[in-house]
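Number of protein chains: 2
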Amino acid sequence: MKRRNFLKGAAIGGAATALAAPAVAQTQPKVQWRMTSGFPRSLDTIFGAAEVFAAHVKAMSGGNFEIEVFPSGEIVPTPQAVEAVGTNTIEMAHTCSYYYWGIDPTFAIGTAVPFSLNARLMNSWLYEGGGNDLLNAFYAKHKLYGMPGGNTGVQMGGWWRKEINSVDDLKGVKMRIAGIGGKVLEKLGVVPQQIPGGDIYPALERGTIDAAEWVGPYDDEKLGFNKVAPYYYYPGLWEGGPTVHFFVNLDKWNELGPEYRAILTNAAAYANTDMMAKYDARNPPALRSLIAGGAKLKAFPADVIDAAYVAANEVYDELSASNADFKSIIDNVKAFRNEGYLWYQVAEYTYDTYMIRNRTKG
Amino acid sequence: MKRRNFLKGAAIGGAATALAAPAVAQTQPKVQWRMTSGFPRSLDTIFGAAEVFAAHVKAMSGGNFEIEVFPSGEIVPTPQAVEAVGTNTIEMAHTCSYYYWGIDPTFAIGTAVPFSLNARLMNSWLYEGGGNDLLNAFYAKHKLYGMPGGNTGVQMGGWWRKEINSVDDLKGVKMRIAGIGGKVLEKLGVVPQQIPGGDIYPALERGTIDAAEWVGPYDDEKLGFNKVAPYYYYPGLWEGGPTVHFFVNLDKWNELGPEYRAILTNAAAYANTDMMAKYDARNPPALRSLIAGGAKLKAFPADVIDAAYVAANEVYDELSASNADFKSIIDNVKAFRNEGYLWYQVAEYTYDTYMIRNRTKG
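Just so you know, the sequences run in chain order A and B.
Under the numbering used here, the letters of the first sequence match residues 986 to 1347, in that order.
Under the numbering used here, the letters of the second sequence match residues 986 to 1347, in that order.
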């Protein structure tokens, strides 16, 4: 009897229910987006971060928000990724901001500039030091909204066919290195080359180029550089804490309700932490394997690093002179870096120093 | 006309709509939980991580999943927090796993044990090295599900009334230090004391204790220790990457649908990254201010650290002899640490070394 009444009441109120339905749908609308990755599927850690992100967004939205991830070049080539997002050809990209420094050098700061922050301080600057807000004020000019979405940690200084003993040995070296890092090394006599990942190995093998930087042990091992350019230099002084970004078309971002914006924000933070966690777990065995395969691990000579530091500051000054966005953001990063490392050197660095020297004793 | 038909159709279909409604509600049920923090509201960074988490969960669920956060002691005292969650007195706690090592020493590993992983390697072990799964298999015995939810980075070695120049100076020192760190220093002659945060200052001032460890510059400054125990030692060798956990009652966790489990997982990852970001941004000015206020920054003498390392390994062996969970998880952490620092020392450490020495030159 009561049940019948309930059903009857429901039937009477049916029209109201149907009218109210859009309000329910409004909180969880079906969304289908496409995201281009700046990376090939074979780089499973960095490409995989976009898949981790998409899977979490789908799970958190109960399947309502689906983002299809495409490897670099399948629907958009990497060099056009942010333009494709800005013009809403696709809704999202997962790529390195510094690939687009040719559009505006300010893009470089979002990923890494030489002698900038390590991964942890980069996160601190982005999330807490105003970095995300500063970058997004800039990205908005390109109709983009950016969220940190992965980090590799300090990269390696690349694979070199010949040993280098001083800054003089850099003169005339043809090196595959992109972006502002190339501009800095150019001041030291290096001739920077832009070569896609798949073409680096044959270029090194034939001697068309003398050196190439890529990422770190786990990704580098896949490409087999140790067989053709055995000197493996560290650290990658041009990439202290390279951040990968999720870029969303700004209008699409603004159209999302607060629920979906929060879901994307949290999924990006998960992917950011997860990618760094994966590199830190996967790099050690890869490093062992590379050394067993003939890689000769070498630190850059001190005068090379010092000269690169001077050159980097010159490059920043030159870019700052003609670009107000670059100047204001790089000045902010530098101030944060100088303070950040003040504390970092005390407890963090001395702890790491001890553990590095004694790790195998316990 | 069409609109009328639509309304009529809706009215006819009203019963079906009403019956289908629970399916919609099932994907986003209203949930109201309570979470106790292990920390007072005054520790805004570490207490705040629970508020950040709750705010993100609420936003992602469109307001349907609400978690009320209570400071330590308001509904549950910190020492009873995991028991209260395990028995479902409250649904969640945000606290340090190592506070509960008296229940089982295995709890200590979830936060930090002496000479273990730094914050980044801890994340790597937890998310990618199997750490979360190993810990959750243990936590399940206490009806808990744990998620990493914050990190302080390497802590400081505490405030000391007198300078220490060798391990002999530790003999008889009454020090406020909790957990396994206290057990390790006990082997070096320290007399560990368990004192709540608010009682440390008067105990140091009166000389009832000789030393006290707390967190790092930002939190320590609030308590004014520099005025009564000026020697500020580093590093906190018993806490390399202390992780704070979100604990959920295991039955409550299992009752959640995949959507809400994903929402909690991602919000915890956001809080984890955000808390570390905040400490890294807030510690540098606090360190400057403490030094201006009379703190004397000192590195622990080398023989103190060496003796503590030996003692820590003895403590691990003793605990491992009688506790299979502790043994299997500490062995796993040690193996991960020894491999993790193998790679960390190459690019990461040399980069940091250079930046620390040269940060103010650019």
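Beta carbons are placed, not taken as given, at the ideal position from N, Cα and C, and that holds for glycine.
Source: prediction; values computed, not measured.
Selected residue, minimal CA-CA separation from residue i, among the options
i, options, result
"G1134(B)", "K1147(B), F1100(B) and L1249(B)", "L1249(B)"
"H1230(B)", "A1044(B), N1073(B), Q1017(B) and G1116(B)", "G1116(B)"
"G1087(A)", "K1168(A), L1129(A), M1107(A) and R1146(A)", "K1168(A)"
"L1120(A)", "I1185(A), W1144(A) and D1310(A)", "D1310(A)"
"M1260(A)", "R1105(B), S1057(B), L1241(B) and A1271(B)", "R1105(B)"
"R1026(A)", "T1091(A), N1150(A) and F1055(A)", "F1055(A)"
"N1103(A)", "V1300(A), T1228(A) and V1061(A)", "T1228(A)"
"G1143(A)", "W1223(A), E1333(A) and G1023(A)", "W1223(A)"
"T1258(B)", "S1022(B), K1212(B), A1125(B) and F1038(B)", "F1038(B)"
"K1281(A)", "S1046(A), R1146(A), H1041(A) and G1095(A)", "R1146(A)"
"F1032(B)", "F1050(B), C1081(B) and I1075(B)", "C1081(B)"
"K1156(B)", "I1165(B), G1174(B), M1141(B) and N1150(B)", "G1174(B)"
"N1108(B)", "A1256(B), D1316(B) and I1341(B)", "A1256(B)"
"R1344(A)", "M1340(B), V1318(B) and Y1339(B)", "V1318(B)"
"L985(A)", "A1296(B), P1062(B), W1328(B) and F1024(B)", "The displayed coordinates of chain A run from 986 to 1347. Any statement about residue 985(A) would go beyond what the structure contains."
"P1062(A)", "G1095(A), T1338(A), P1181(A) and Q1140(A)", "P1181(A)"
"S1101(A)", "V1139(A), K1172(A) and I1052(A)", "V1139(A)"
"Q1330(A)", "G1023(B), M1141(B) and W1110(B)", "M1141(B)"
"R1019(B)", "T1030(B), I1060(B) and Q1013(B)", "I1060(B)"
"G1183(B)", "K1015(B), F1024(B) and Q1013(B)", "F1024(B)"
"G1279(A)", "A1297(A), Y1264(A), K1212(A) and A1296(A)", "K1212(A)"
"I1314(B)", "P1215(B), A1122(B), A1254(B) and I1185(B)", "A1122(B)"
"Q1013(A)", "A1247(A), L1129(A), L1304(A) and K1346(A)", "A1247(A)"
Range of the contiguous beta strand (DSSP E) that encloses residue i
i, result
"L1129(B)", "L1129 to N1136"
Run of the alpha helix (DSSP H) containing residue i, from where it starts to where it stops
i, result
"A1320(A)", "A1309 to Y1329"
"W1018(B)", "Counting along the chain, W1018(B) falls outside any alpha helix (DSSP H), though it belongs to the beta strand (DSSP E) covering V1016 to S1022."
"F1038(B)", "D1029 to M1045"
"F1055(A)", "Per DSSP, F1055(A) belongs to no alpha helix (DSSP H); it is in the beta strand (DSSP E), F1050 to F1055."
"T1091(A)", "T1091 to T1096"
"S1101(B)", "Taken as a continuous stretch (DSSP letters only), S1101(B) belongs to no alpha helix (DSSP H), as it is neither H nor E."
"I1341(A)", "A1332 to N1343"
"G1115(A)", "No alpha helix (DSSP H) holds G1115(A); DSSP gives it neither H nor E."
"A1066(B)", "A1066 to G1071"
CB of residue i within 8 Å of CB of residue j, strictly
i, j, result
"Y1219(A)", "N1268(A)", "no"
"A1078(A)", "A1066(A)", "yes"
"P1090(B)", "N1308(B)", "yes"
"G1221(A)", "A1277(B)", "no"
"E1206(B)", "A1271(B)", "yes"
"M1045(B)", "E1244(A)", "yes"
"F1232(B)", "G1131(B)", "yes"
"A1262(A)", "Y1336(B)", "no"
"G1225(B)", "A1040(B)", "no"
"N1073(B)", "N1234(B)", "yes"
"A1292(A)", "V1152(A)", "yes"
"R1162(B)", "P1286(B)", "In the sequence under discussion, the amino acid at residue 1162(B) is Ile, which differs from the Arg named in the question. Their beta carbons are not under 8 Å apart, which means I1162(B) does not touch P1286(B) by this criterion."
"E1053(B)", "K1237(B)", "no"
"A1188(A)", "N1251(B)", "no"
"G1209(A)", "Y1083(A)", "no"
"I1341(B)", "Y1334(A)", "yes"
"K1159(A)", "D1195(A)", "yes"
"E1051(B)", "K1043(B)", "yes"
"I1290(A)", "Y1339(B)", "yes"
Beta-bridge pairing of residue i - partner residues as DSSP gives them
i, result
"A1306(A)", "None; A1306(A) has no bridge partner."
"A1078(B)", "T1021(B) and F1232(B)"
"Y1216(B)", "W1145(B) and K1281(B)"
Closer than 7 Å at the beta carbon, the chain E residues around residue i
i, result
"T1335(B)", "Checking the listed chains, one finds no chain E in this structure; the protein chains it contains are A and B."
(request) Return the chain-ordered ranges of every alpha helix (DSSP H) run that is complete within the stretch 1140-1213 of chain A and spans a minimum of 4 residues. (result) 1164-1171, 1182-1191 and 1202-1208
(message) My parser needs the beta strand (DSSP E) runs of 3 or more residues fully inside the stretch 1218-1290 of chain A; what are they?
(response) 1228-1234 and 1281-1284
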